[in-house]
Every structure is written in C-alpha cells, then in structure tokens.
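S.K.:
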Amino acid sequence: MVSLPAHARVVIIGGGIMGCSTAYHLAKLGWKDIVLLEQGRLSGGTTWHAAGLVGQLRSYQNLTRLIRYSTELYAKLEAETGLATGWKQCGSLTVARTEERMVLLRRSAAMANAQGVACEPLTPSQAGEKYPLMRTDDLVGAVWLPGDGKANPADITQALAKGARNGGVRIFEKTRVTGIDTSEGRVTGVQTTEGRIKAEIVVNCGGQWARQLARTVGVTVPLYSCEHMYIVTEKMEDVPRDLPVMRDPDGYIYFKEEVGGLLMGGFEPQAKPWDKDVIPDDFEFGMLPDDWDQFQILMDNALIRVPSLERVGIKTFMNGPESFTPDLNYILGEAPQLRGFFVGAGFNSMGIASSGGAGMALAEWIVAGEPTLDLWPVDIRRFAGFHGNDTWLKSRVAETLGLHYKMPWPQREQESGRPFRRSPLYDRLKARGAWFGNKMGWERPNWFAGIGKTPEMQYGWGRGTWFDAVAAEHRATREAVTVVDETSFGKILVQGRDAETELQRLVANDIAVPVGRTVYTGVLNDRGTFESDLTIARLARDRFLVITGSAQPVRDMDWMTRHVAADAHVTFTDVTGAWTVLSVMGPRSRALLRKVSRADLSNDGFPFATIREIGVGNATVLASRRTYMGELGWELYVPVEFAVTVFETLHAAGTEFGLRDAGYYAVETLRLEKGYRAWGRELTPDDTPFQAGLAWAVKLEKPGGFIGRDALVAARAKPLSRRLVSVVLEDREPLLWGGETLLRDGKPVGDLTSAGYGHTLGASVGLGYVRRDGGEVIDAAWLDAGRFEVDLAGTRLKAGVSLRCPFDPAGERIRGQGIEP
Ligand SMILES: Cc1cc2nc3c(=O)[nH]c(=O)nc-3n(C[C@H](O)[C@H](O)[C@H](O)COP(=O)(O)OP(=O)(O)OC[C@H]3O[C@@H](n4cnc5c(N)ncnc54)[C@H](O)[C@@H]3O)c2cc1C
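Going by the working numbering, the first residue of the sequence shown is number 4, and it counts up by one from there.
1. State the DSSP-derived secondary structure class of residue 660, mapped to helix, strand or coil.
2. Quick one: what's got a C-beta closer than 6 Å to residue 578's C-beta in the same chain, skipping five residues either side?
3. With 16 as the cutoff for other CB atoms within 10 Å, does residue 109 come out buried or exposed?
4. With burial defined as no fewer than 16 other Cβ atoms inside 10 Å of the residue's Cβ, what is the status of residue 252: buried or exposed?
5. Exposed or buried, which one is residue 153 when buried takes at least 16 other CB atoms within 10 Å?
6. According to DSSP, which residues form a beta bridge with residue 631?
7. Tell me which residue opens and which closes the beta strand (DSSP E) that residue 566 is part of.
8. Please report the distance separating the alpha-carbon of residue 536 from that of residue 711.
9. What whole-angstrom Cβ distance do residue 370 and residue 334 have, given they're in contact under 8 Å?
10. Are the beta-carbon atoms of residue 162 and residue 83 separated by less than 9 Å?
11. In whole angstroms, what is the alpha-carbon distance linking residue 626 and residue 705?
12. For my contact list, residue 440 and residue 457 are in at a C-beta cut-off of 8 Å; report their separation, rounded to the angstrom.
13. CB residue 868 to CB residue 520, shorter than 9 Å?
14. Rounded to the nearest angstrom, how far is the Cβ of residue 228 from that of residue 325, given a contact under 8 Å?
15. Apply the 10 Å Cβ neighbour rule to residue 295 and answer buried if 16 or more other Cβ atoms are within range, or exposed otherwise.
16. Please state if the CB of residue 725 and the CB of residue 773 are separated by a distance shorter than 9 Å.
17. Just how far apart, CA to CA, sit residue 526 and residue 374?
18. Is it true that the CB of residue 336 sits closer than 9 Å to the CB of residue 399?
19. Can you determine whether any heavy atom of ligand 1 sits closer than 8 Å to the C-beta of residue 22, and answer yes or no?
20. Contact between the segment 247-265 and the segment 194-210 is defined here as three or more beta-carbon pairs at a separation below 8 Å; is this criterion met?
21. Leaving aside the five residues before and after residue 566 along the sequence, list all residues of the same chain whose C-beta is less than 7 Å from its C-beta, in chain order.
22. Do you know how far the Cα of residue 309 is from the Cα of residue 805?
23. Would you mind working out which of 352, 312, 595 and 547 sits nearest residue 271, comparing C-alpha positions?
24. Tell me the rounded alpha-carbon separation between residue 821 and residue 670.
25. Determine the direct distance from the alpha carbon of residue 729 to that of residue 812, and round the result to whole angstroms.
26. From which residue to which residue does the alpha helix (DSSP H) around residue 479 run?
27. Identify the residues that DSSP records as bridge partners of residue 637: which are they?
28. Roughly how many whole angstroms lie between the Cα atoms of residue 419 and residue 445?
29. Would you list the residues sitting across from residue 106 in a DSSP beta bridge?
30. What is the DSSP secondary structure of residue 89, reduced to helix, strand or coil?
31. Mind checking who residue 15 pairs with in its DSSP beta bridge?
32. Note down the Cα distance separating residue 783 from residue 731, rounded to an integer number of angstroms.
33. Using three-state DSSP, classify residue 488 as helix, strand or coil.
34. So, using beta-carbon positions, are residue 836 and residue 701 closer together than 9 Å?
35. Helix, strand or coil for residue 321 per DSSP?
36. Can you tell me whether DSSP reads residue 389 as helix, strand or coil?
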C-alpha cells in the first residue's frame, strides 16, 4: 500500500468518469502533483451502470462542442492507453410521432449542420430502413446523426484513469474524504479516512454525493437523485452489433444494442426522486429495487415502437440513482462561496456523453482561473444558496428528469417548486391575469390576460393565446405607457472610499461620473470578452448601486470580490431583495409620473442616464431615467415595503394615460426592435464589445486602465470578422424564436442569439453574430452585397440584415444599450 501524500497541488474527489476525466486533462495540461481519491472503487458510483449512449446534440453550441470532443476522445483513448473503451460510432435515430416534434427535429438538423454536426432529416420509411425492428406507420419522420454512438462507461473510466496515471496522477481507491479544510475563505486541504492532505485546489467530482460534501463548507451544489431505469432483453434476432441508438421522445424512450439484445430505458414525465437527503457512503456498485409500476409507461411505449419486444425475455432490470439538477444542465466551476474549491457534478443522465468535454473544460478552468469559453449554461454561479433547499430540490428534480424528452417549446416554463421567489406585487399581478415565468427563482410576469382572467398559456411554434396580449402591451409601450414589475433585477451595493477606483478597474466604461449619474458598461475578462453587463448608478462619492440582470448577481458578486485589490476599502452587498423595481415606460410616462410626483421630470431637470430620489404619491423611491425598451421612461427602485403603495398609486392615476401592465415577452420584443443586447445571448465570454457593437461603452483611454483593456487594444488592430447584426424577416407571417441559422448567399454564416415578433415592425426580428471567412472585415458594404436568409426548420426565408437597429424612428445611429429615445 502506498500511503497518502501529505500535500498535493490538486485533490480530486471522486473516481467516476468525471473525476477521472478531470484528472486526465489536468495531467495533459502539464500539471503535476495531482491526487484522486475514491471512497470505493473506480466507476463504482453512478458511472458503472450507465447505458452508455453518447448523443452529440445539445441546445447550447458550446455544450455540443464539448460532447463532440468527448466522442473524439473516446475514439482515440484505446490507442493511447491500451485499454478498450467500447466506443462504437453506430449513429443515432430520433423519431417524431407528431408534426410539431418534426419541426423541432428539422430545427435541430439545421442547427447541427451549421455547427458541423452531420444530421439528416428522414422520412419514416428511410428511418425504418436504418432500424428494421421499428414500427414506422405512426411516425411523421426522423433525424439521423451518423456521428453519435455508444461506449462502455466503466471501460472509459478505466482508460481515462490509466491516461491520468501515465501523466503522473496518483489515484487512491478505498479512501473517503470526510471533511474539507478551509482558511479565510480558501480551501486548504481534505481530511480522509487515511489521513489529511494539504492542497491548493480541491475538485468535487463526487457525483450524487457532491451536494452533501459541499454543504459542509457552505457551498451550494443543487442536485438531487432520481431513480433511473432501463431493461436489457435476451438476445434478439435482427439486432446487429452496429444497430444505431434510437430515441422516441414522444414515447419517452431510448434503445441501444446490448450483447445481441436491446437495452431500453427512458425519461418518464413524472420521475421518482430517490428519497434520500443524505446518500449513504457505502452505496458502491449499488442498485435500487425494480419498480415496474414506475417503468410501465416506458414499457407500454416501447411495445408500440418495437413490437417484437413482446416475444423476448428480460434479462436485467436496472434501477440506478443519478443526480439531477434544477434545470437539466450540469454544474461546473469554482464555487463562489469558497476559493480553490471546484465542482464537476450533477450530470442528469448525460455524464458519459458529457464528461470527456466537461473534464477538459473544468481542467482548463482550473489552470486559467476562469472558464476559457462561454459555459454559462452549466456555470455553478447560475445558482444561489436558496437553490440548495432539499424540499424544493426534491420536487424540482421529479420534473427535471422528464425534460429530456418533453417538447422544449420556445416559451416552456418549468412548473415544479413554484411559486418560488415572489415580488410583493405577485398577488396583484396575478389578479390582473399575469402569466408568470421563472428566472433565478423569481416569479416574473410574462404577459397579462387582463383583470380577473386566468391566462391560458398555449405552447407551440406559432401564435398562441399570448400573442395578441403581448402585441397590445408592446404597442402600449410605444404609444402610451406601461408598467413592468422588474423586481428580479440584481442589485449590488458597492461602498467604501476605494469604491470608485476598484469599479473603474473592474469595468470597461468610465464610472468616475458625478453623483446622480448612471453608466452602462461591460465587465470584461483578460481576453476582453464579457463576464457581465450592468448599469452602475453613483449614489454618493463612496457609494454605487450596481444594477444587473436577474440571473447575474451571484456571478457578478463572485467576479467583483475575486478581482478587487486585497487591501481595498470597499464592500459588496447583494441587496436584490430589498428593492422592488417598477419600470414606467412609454411616451406618456412623463405625464403619468408628473401626476403622482412633485419632482422636476423635464428633460433638463431629469436628463437621461441620471438617478435621484423622487416622491411617488406618499412613497419615496429612487428613479432612474434609462430604458431597455427604447422609449422615454423611468425605472423606479422602490423599497419593498412601499411596493404596493407605488403600484396602486400608478394604476389609480394611469387610466387617462392609457396605462397597461406589461410583461417580459413585451420587454423582449421591444428591446429586439431597438437592437439592445442581452447577457448570456448576445453578450457572453465568447464576445468582445467590438464584436457586439458596444465599442461606445468602452473607454480604452481612461486613467488606470481596466481588466481586458490590453486584449481590446490588440483586437482593435485586427479586422472585425465576426459581428452582431439585427435581422428582420421579409415575410411578415413566420415566427422566429432564436437559434435559427443565418445564411449569406446560401452558406451558413451564423445563427440568431435571440428572436421574437416585432409588433411595431410587423415582422419577426432578431439579433445574431455573423462571421466572415478568411478573417476579412464585416462592414455595411459586405452585408449589403449579400443575400441573407434564415433557415426556419428547413425552410429558407429572406431576411434584411444590418449593423443598425431596425426600429429607429428618430434616425439616430444606434449606440447600443440605453440609447436616449
Ligand atoms: C440507469 C442509468 C443510465 C444512464 N445512462 C446514461 C447514458 O446512456 N449516457 C450518459 O451519458 N449518461 C448516462 N447515465 C448517467 C451517468 O451514469 C452519470 O451522469 C455519470 O456516471 C456521472 O459520473 P460522475 O463521475 O459525475 O459520478 P459517479 O460515477 O457517481 O462518480 C462519483 C464518485 O465520487 C465518489 N465519492 C463521492 N463522495 C466521495 C468522498 N467523500 N470521498 C471519496 N469519493 C467520493 C463516489 O464513490 C463515486 O464513485 C445513466 C445513469 C443511470 C443511473
């Protein structure tokens, strides 16, 4: 027995596929002194019983990219390590029972092909030729992905472990981590059943155990286990070894060849959480009892799709617990609560497909100290502490599992564990017929059916019940005035005598402005790409209010506190819950506010980009003159205890001005017409302000510089061969949703990051990045010389493309976010 070292640079907890992949990639990046600890034996957690399906396509491009990397890695690991991985590129079929599912598959095919993932729509009979066992007379069609495959999870894990060992990683089995050592907000090591190891970095790849271990040091890893089941049949005729993987999402099921028979499992709509807040330490190579009642819905559907299953015996019923997260994406990155403590867990039954790429991405994150590409959909900072509540998690994951195959309608909202976080106005908005969506836990009004009405939400690819209501809210904002409850905005108070100096270094715009001014700015990393975008309001010489997107406060707090000078006199406090935000927007907003306020609201008395206290009825609020909808308006920051008062005051006075409630769908269509960018879509760690058309919000010459400046100076010297454009369809009928491929002269050049129906323009409008091969510059002349189309589920639609925003009645050149209307 080799004894544990007293010190290691990195300790990885967990010898499943993710821990081994992370160790392998850290070694490949040249890091030494890495230890991996596994409480049982390698792959004995969840990995050993995975079905081993590897499907490449995900709804986020970078996640697809990572899985493609997994497939390349699994294909070459045997040659490198001498250990087989069972990787077989057998291709996969996904079939559609409904026309609407087929639309989804055609959309996926367009997206996949634009990303270089081969994907071909098929007729039912073509699908039947590839999978003769399958019934096809009830199908509408299918897609074929020849690059998909399957692998043996335990073998991949062993091969990764061998590759890691070859790179110098020391692996200890039968060694449980029993505690994490910390000092002054940093991890310093681990306690184990075999002794203590001091470490600079600790990586929690503990699978379904990751939550409970992280919790001991105040880190939230919101995952909870569900029972996930499959069966394996006896050998069957007509099941060749290279039979493709087949998925029938309308029946919730998947199939794979397994030793001459079929492995069939699925994702039932109502899953069964494994009712264990604490996973037993000794659940090694563990299985749960058969549950045929739970499996029935999958079995019934399997018999429809592959009728010959009726005549074959079942060899194995596998029921294994797997960890699921609140949103079906895994959890990656350095914990915001503890420096040096990284997490790679919560794989939602996609850990075999994902871990090759996710291990590489996590290793790069550890080495670089920040993600090296946009990983926001899986970033641990998308969650806050409240997401770790066990009662909530348990109810949420019962829904999450089924999302794999549930129709991912463009406006789909998760239903479980709601209502969750509520604005003080929630009940009032509900009484006005609000249909609520959910972001960062907040219940947010998306649209209003009207007073006393219950909103009927119809999901679909076309105009649903919501469409006319949103059109009316949109028009009321352009022509009269609306009020939107935007309480979910993140709000961070930055205080101290060094607040200005530190913020100047943290953001790209110049925030050394007089008290009472607001500044829109990007927060950039050393690569000069976006970490966030926000508005900073100067409330006093030494006090700033940072207003950020609903999803961003944890991320922003983490970024700012991490990059602030160690000896700086400055504090950051998340005050999101202390303020309700009511946006009063539209050409008649000034008239409405004048009726309820004695403040000077004239253009000179209250100019654009300023903020100050005003009275609204009996309440005193902070009013900020800015807009994300392209109209005259004020955002009112209202202490929560005055929220109801202000809301009632506005509505009591609003009738004569045509005041309406509006929701987030209208905000979205309004901002798209004005070309305003959104974090996570147009602004990500893959985009610079120059590419995003936000150069006006960068002050390269400001004294003292800022994080990302050098990269931007270097970027300025090169032609902009990738740029954000606004896109408007010529045909007024079709609805775009985002994600569609953009073509120039028939060749894919990008895709839409956001899209919606522009009710003022009378056509679908979107934003998207286009790229030009050969590194040549994209300018108006190149755009004008091209014939642009959008691929909407296989149909090509003519589109106008421009660097300018499409709705610009004043003829102003767009300056980006917060333009003065
Ligand atoms: C029935 C079933 C079918 C599946 N099919 C597929 C599929 O077809 N395709 C796919 O991509 N995915 C599939 N999955 C999902 C896949 O198995 C998981 O996502 C993946 O194995 C997770 O890997 P991991 O390394 O994160 O977790 P694990 O494999 O659980 O590894 C975590 C390890 O950490 C160890 N550990 C935990 N705490 C400690 C501690 N304190 N000290 C030391 N060690 C510790 C555990 O013992 C464990 O070995 C399936 C899952 C199930 C249940």
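All residues carry an ideal CB built from backbone N, CA and C; glycine is no exception.
M.R.: Here's the rundown:
1. Within the sequence shown, the letter at position 657 stands for residue 660. Residue 660: helix per DSSP, three-state reduction.
2. To locate residue 578, count along the sequence shown from 1; it is residue 575. For residue 578, where only same-chain residues beyond five positions count, the Cβ hits under 6 Å are 494 and 496.
3. In the sequence shown, residue 109 corresponds to position 106, counting from 1. Buried, because 16 or more other Cβ atoms sit within 10 Å of the Cβ of residue 109.
4. Here residue 252 refers to the residue found at position 249 of the sequence shown. So residue 252 ends up on the buried side.
5. To locate residue 153, count along the sequence shown from 1; it is residue 150. By the 10 Å Cβ count, residue 153 comes out buried.
6. In the sequence shown, counting from the first residue as 1, residue 631 sits at position 628. In the DSSP output, where bridge partners are listed per residue, residue 631 has none listed.
7. Position 563 of the sequence shown, counting from 1, holds the residue named residue 566. First-last for residue 566: 556-566, but that is the alpha helix (DSSP H), not the beta strand (DSSP E).
8. Within the sequence shown, numbered from 1, the residue matching residue 536 stands at position 533. Within the sequence shown, numbered from 1, the residue matching residue 711 stands at position 708. Between residue 536 and residue 711, the C-alpha separation is close to 14 Å.
9. Taking the first residue of the sequence shown as 1, we reach residue 370 at position 367. Taking the first residue of the sequence shown as 1, we reach residue 334 at position 331. Residue 370 to residue 334, Cβ: 19 Å. No contact.
10. Position 159 of the sequence shown holds residue 162. Position 80 of the sequence shown holds residue 83. Taking 9 Å as the Cβ cut-off, residue 162 and residue 83 qualify as a contacting pair.
11. As a position in the sequence shown, residue 626 is number 623, starting the count at 1. As a position in the sequence shown, residue 705 is number 702, starting the count at 1. Roughly 28 Å separates the two Cα atoms.
12. Translated into positions along the sequence shown, residue 440 becomes position 437. Translated into positions along the sequence shown, residue 457 becomes position 454. Rounded, the Cβ-Cβ distance is 16 Å, inconsistent with contact.
13. Limits of the chain in this structure are 4 at one end and 824 at the other, which puts residue 868 out of reach.
14. On the sequence shown, residue 228 is found 225 positions in, with the first residue counted as 1. On the sequence shown, residue 325 is found 322 positions in, with the first residue counted as 1. Confirmed, Cβ separation roughly 6 Å.
15. Locating residue 295 in the sequence shown gives position 292, counting from the first residue. Label assigned to residue 295: exposed.
16. By 1-based counting over the sequence shown, the position of residue 773 is 770. By 1-based counting over the sequence shown, the position of residue 725 is 722. A contact, by the Cβ cut-off of 9 Å.
17. Along the sequence shown, read from residue 1 onward, the residue named residue 526 stands at position 523. Along the sequence shown, read from residue 1 onward, the residue named residue 374 stands at position 371. Their backbone Cα atoms lie some 15 Å apart in a straight line.
18. As a working mapping, residue 399 is identified with position 396 in the sequence shown. As a working mapping, residue 336 is identified with position 333 in the sequence shown. The answer is no: Cβ separation not under 9 Å.
19. For the purposes of this step, residue 22 is identified with residue 19 of the sequence shown, where counting begins at 1. Flag set: Cβ of residue 22 near ligand 1.
20. no
21. Translated into the one-based positions of the sequence shown, residue 566 becomes position 563. 509 and 710.
22. Stepping through the sequence shown from its first residue, residue 805 is reached at position 802. Stepping through the sequence shown from its first residue, residue 309 is reached at position 306. Using only the alpha carbons, I get a separation of about 50 Å.
23. On the sequence shown, residue 271 is found 268 positions in, with the first residue counted as 1. Residue 271 has its Cα closest to that of 352, out of 352, 312, 595 and 547.
24. Here residue 821 refers to the residue found at position 818 when the sequence shown is read from its first residue. Here residue 670 refers to the residue found at position 667 when the sequence shown is read from its first residue. Residue placement at residue 821 is flagged as unreliable, the pLDDT there being 44, under the threshold of 50; a coordinate-derived value is accordingly withheld.
25. Reading the sequence shown from its first residue, position 809 is the one you call residue 812. Reading the sequence shown from its first residue, position 726 is the one you call residue 729. Distance between the alpha carbons of residue 812 and residue 729 is about 16 Å.
26. Within the sequence shown, numbered from 1, the residue matching residue 479 stands at position 476. Segment 469-482, the alpha helix (DSSP H) holding residue 479.
27. As a first step, residue 637 must be located in the sequence shown, where it is residue number 634. Looking at the DSSP assignment, residue 637 forms a beta bridge with 587.
28. Start at 1 with the first residue of the sequence shown, and residue 419 comes out as number 416. Start at 1 with the first residue of the sequence shown, and residue 445 comes out as number 442. Roughly 13 Å separates the two Cα atoms.
29. In the sequence shown, counting from the first residue as 1, residue 106 sits at position 103. Partner(s): none; residue 106 has no beta bridge.
30. Within the sequence shown, the letter at position 86 stands for residue 89. In the structure shown, residue 89 sits in coil (DSSP, three-state: anything other than H, G, I, E or B).
31. Here residue 15 corresponds to residue number 12 of the sequence shown, with the count starting at 1. Paired residue(s): 39 and 206.
32. Locating residue 783 in the sequence shown gives position 780, counting from the first residue. Locating residue 731 in the sequence shown gives position 728, counting from the first residue. In a straight line, the C-alpha of residue 783 is about 16 Å away from that of residue 731.
33. Within the sequence shown, the letter at position 485 stands for residue 488. Here residue 488 sits in strand by DSSP.
34. For residue 836 there is no data in the structure shown, the boundaries of the chain being 4 and 824.
35. Position 318 of the sequence shown, counting from 1, holds the residue named residue 321. Three-state result, residue 321: strand.
36. In the sequence shown, the residue the question calls residue 389 occupies position 386. The answer is helix: DSSP assigns residue 389 an H, G or I state.
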